[in-house]
Amino acid sequence: MLVYLIRRLLYVVPIALAVSVVCFSLVHIAPGDPLVSILPPDASLQLVEQMRKSYGFDQPIPVQFGIWLGKAIQGDFGTSIATSRPVSQEIYKAVGNTLMLAMAATLIGFTLGCFFGFVAGYFRDTWIDRVAVTVSILGVSVPHYWLGMVLVIVFAVLLPWLPPTGAGPGSSADWAWDWAHMQYLILPAVTMSVIPMGIVTRTVRALVGDILSQEFVDALRAKGLTDWGVFQHVVKNAAPTALTVIGLQLGYLLGGSILIETVFSWPGTGSLLNAAIFQRDLPLLQGTILVLAMFFVVLNLLVDVAQTAIDPRIRR
Amino acid sequence: MVSLAEPVPLIIAPSRGYWASVGQRLLRDKVTMVCVVILLTIILAAIFAPYLGLADPYRGSIIRRLRPIGTPGYLLGTDEQGRDMLARLIYGGRLSLFIGLLPVFNAFVIGSLLGITAGFVGGKVNAAIMRTSDVFLAFPSVLLAVAISGALGAGILNSIVSLTIVFVPPIARIAESVTTQVRSLDFVDAARASGASSWTIIRVHILNNVLGPIFVYATSLISVSMILGAGLSFLGLGTKPPEPEWGLMLNTLRTAIYVQPWIAALPGAMIFMVSIGFNLVSDGLRSAMDVRR
Chain W
4 MLVYLIRRLL YVVPIALAVS VVCFSLVHIA PGDPLVSILP PDASLQLVEQ
54 MRKSYGFDQP IPVQFGIWLG KAIQGDFGTS IATSRPVSQE IYKAVGNTLM
104 LAMAATLIGF TLGCFFGFVA GYFRDTWIDR VAVTVSILGV SVPHYWLGMV
154 LVIVFAVLLP WLPPTGAGPG SSADWAWDWA HMQYLILPAV TMSVIPMGIV
204 TRTVRALVGD ILSQEFVDAL RAKGLTDWGV FQHVVKNAAP TALTVIGLQL
254 GYLLGGSILI ETVFSWPGTG SLLNAAIFQR DLPLLQGTIL VLAMFFVVLN
304 LLVDVAQTAI DPRIRR
Chain A
0 MVSLAEPVPL IIAPSRGYWA SVGQRLLRDK VTMVCVVILL TIILAAIFAP
50 YLGLADPYRG SIIRRLRPIG TPGYLLGTDE QGRDMLARLI YGGRLSLFIG
100 LLPVFNAFVI GSLLGITAGF VGGKVNAAIM RTSDVFLAFP SVLLAVAISG
150 ALGAGILNSI VSLTIVFVPP IARIAESVTT QVRSLDFVDA ARASGASSWT
200 IIRVHILNNV LGPIFVYATS LISVSMILGA GLSFLGLGTK PPEPEWGLML
250 NTLRTAIYVQ PWIAALPGAM IFMVSIGFNL VSDGLRSAMD VRR
């Protein structure tokens, strides 16, 4: 286990390094001078040269990368061009909101997905199974940003039950765990949960079907185990794979929240990315993408380690 | 956000009647056939839109903005600038389908090329190609698409480039694993022993056996690509107004949800329909090609 853990940790280093190279190169595939959005159009050559120096753009690219990475590791992603505040501060504020949204969505999606998946797997080829399969196909096919709009139309416009957008009453960005705030979380979280729900349903259904058709289940039944006992064995066998899927889904939701956050004006990393793109705020864009990608890399690692810890068959 | 790596059935040694039997099984699959008909209708309507006698999708009018669905002369109402929704939805299929389908096609060509090369050559070439795809697979797909097209700037071409980059690594990975499996089978050794050149082995023995599974996998990506492509336009990273495109229409109609909520939802319903259609056709194709069933 320890050897595996060390090997897996070592494998993360080159991936993380390569991911940061990709994030860093985003500035360099962007058309035009990265300084063009902050300099006045009639800036003198001298001023341009001075700015270039102060941002470090006069150095060779590998040196620039080294300096950038060194600072990024210490949590310094530079200064936002649009707001002049440190990028790390902006990201810190936004990541909390996105994490909350993604975790709520994962929780809903996992619960519903497991329920549908187990029911469908147990009652293979009955009408219950067909309903569950249909739900899962709808879940993976729906453009979630559109589903968000439809939910707003139904539950905020036609029925005035929930607030359509935002993350709390008034303009204050401070979150509190009371109904006044939580009602803002319901629609975006439900919208987001549809994707993991579809995928978890599909995975769990296939898993349960596979497990039930194995011989040990017949053996358990033959020795007189109750249905509940058999069910516990099925859960134990399905858990590692289901956990892997849901861990990865959390990562996908964290990184892919931009569309849903745009629909609901949710003040998370997606809204931050949106602002960074349209204000050509490249340090903010670089920093946010790096942080989100690193979340995904670390989640992948945790999922692998957790799976190995739970399921001894994987250890090699 | 959607998992891009799923197991694909490996089908070995298609006999002469293999494709005929796949076709037969597809024809018997009612769900798939219904989806094929719906998709073909949408695609053909988009292609031949100028000959369908529709209203001009660009001409608006201030006095007939946001007419409800069913208004005489405007079957599906009008949008926020008074343009005919039916015409815009049908014309919208042109760009939306283009932005959704082209990246998958590009990625199928590039990804197969890279994956088959990696699988056949092996060694350092394999390591170089596969480790590079690992890096791109370390990004959630939506994030990667938004990051690249955000850095490149808005535009149809940039959306297509960024989506292609998103889909090449997963296709390359599938292609590599299928090729590696096929390469180690007995008939490849037999061909080599009987003096076939590497090129002949690739052309006759490898390609014939690997392209099917890769193709099935690629079709399963079309739905994701449609959703992401329209999503980029929805964010303002794809098409620019006044072009009719489903994602962009959904975005500009957002202001109308308090006046004509169902009209605002129509472009998304088109994306949904096409996305379900391609998913079901891909599922049908997968099970029709799985000879073990």
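Going down the list, the protein sequences come from chains W and A. Position 125, counted from 1, in the first sequence is what my numbering calls 128; the numbers after and before it change by one each time, with no gaps. Position 63, counted from 1, in the second sequence is what my numbering calls 62; the numbers after and before it change by one each time, with no gaps. Note that CB positions come from ideal geometry on N, CA and C, so glycine has one too.
Note on geometry: alpha-carbon atoms of Val301(W) and Gly250(W) lie some 11 Å from one another. DSSP, reduced to helix, strand and coil, places Thr168(W) outside both helices and strands of the structure shown, so it counts as coil. In this structure, Leu102(W) keeps its C-beta atom at 8 Å or more from the C-beta atom of Ser23(W).
Judged by DSSP secondary structure, Lys239(W) falls within the alpha helix (DSSP H) whose first and last residues are Asp230 to Gly258. Against chain W, the CB of Leu162(A) has no partner CB under 8 Å away; the residue lies outside that interface. Taking CB atoms only, Asn100(W) has no neighbour in chain A less than 8 Å away. With 16 or more other CB atoms across the displayed protein chains lying within 10 angstroms of its CB, Thr194(W) is buried.
Per the Cβ contact rule, the stretch 61-72 of chain A is not in contact with the stretch 128-146 of chain A (fewer than 3 Cβ pairs under 8 Å). Asp132(W) carries a helical assignment under DSSP once its states are collapsed to helix, strand and coil.
Residues of chain W whose Cβ lies closer than 9 Å to the Cβ of Asn278(A) are, in chain order, Ile140, Val143 and Ser144. Relative to Gly92(A), the option among Trp245(A), Leu113(A) and Gly16(A) whose CA is nearest is Trp245(A).
Against chain W, the CB of Leu151(A) has a partner CB under 8 Å away; the residue lies at that interface. In the three-state scheme derived from DSSP, where H, G and I count as helix and E and B as strand, Tyr73(A) is classed as strand.
By the C-beta density criterion, Gln252(W) is buried, having at least 16 other C-beta atoms within 10 angstroms.
In its chain, beyond the 5 residues on either side, Ser83, Val90 and Ala279 have a beta carbon closer than 6 Å to the beta carbon of Leu287(W).
Cβ proximity to chain A below 9 Å picks out Val248, Leu251, Gln252, Gly254, Tyr255, Leu256, Leu257, Gly258, Gly259, Ser260 and Ile261 from the stretch 232-261 of chain W. Inside the stretch 80-152 of chain A, DSSP marks whole alpha helix (DSSP H) runs of 4 or more residues at positions 84-120, 122-136 and 140-151, from first to last along the chain. Chain W places no beta carbon closer than 8 Å to that of Arg27(A), leaving this residue out of the contacts. DSSP, reduced to helix, strand and coil, places Pro89(W) within a strand of the structure shown.
A buried status is given to Gln289(W), since no fewer than 16 other beta-carbon atoms sit within 10 Å of its beta-carbon. If you look at Gln282(W), you'll find it isn't in any alpha helix (DSSP H); DSSP assigns it neither H nor E. Look at the stretch 204-270 of chain A and you find these whole runs of alpha helix (DSSP H), each 4 residues long or longer: 206-233 and 245-251.
Against chain A, the CB of Pro270(W) has no partner CB under 8 Å away; the residue lies outside that interface. Taking all protein chains in view, the Cβ of Ala171(A) is crowded by 16 or more other Cβ atoms within 10 Å, so the residue is classified as buried. Taking the Cβ atoms as the reference, Thr204(W) lies roughly 7 Å from Ala123(W), within the contact range of under 8 Å. Contacts between Val66(W) and chain A, judged by CB atoms closer than 9 Å, are missing: the closest CB pair is about 21 Å apart.
When the beta-carbon positions are compared, Arg11(W) and Val308(W) come within less than 8 Å of each other. Thr82(W) is bridged by DSSP to Pro89(W). Contact annotation: Thr291(W) and Thr311(W) have beta-carbon atoms that are not nearer than 8 Å. With a beta-carbon spacing of about 18 Å, Ile263(W) and His184(W) fall beyond the 8 Å limit used to define contacts. Separation of Ala159(W) and Ile189(W) (C-alpha to C-alpha, rounded to the nearest whole angstrom) is 11 Å.
Closer than 8 Å to the CB of Asp133(A) there is at least one CB belonging to chain W. The beta carbon of Leu26(A) sits closer than 8 Å to those of Met32, all from its chain and outside the five residues before and after it, given in chain order.
When C-beta atoms of the stretch 253-265 of chain A are compared with those of the stretch 73-84 of chain A, three or more pairs fall below 8 Å, so the two segments count as touching. Here the alpha carbons of Val181(A) and Asn208(A) stand approximately 7 Å from one another. Annotation: the continuous alpha helix (DSSP H) that includes Lys56(W) extends over Leu48 to Tyr58.
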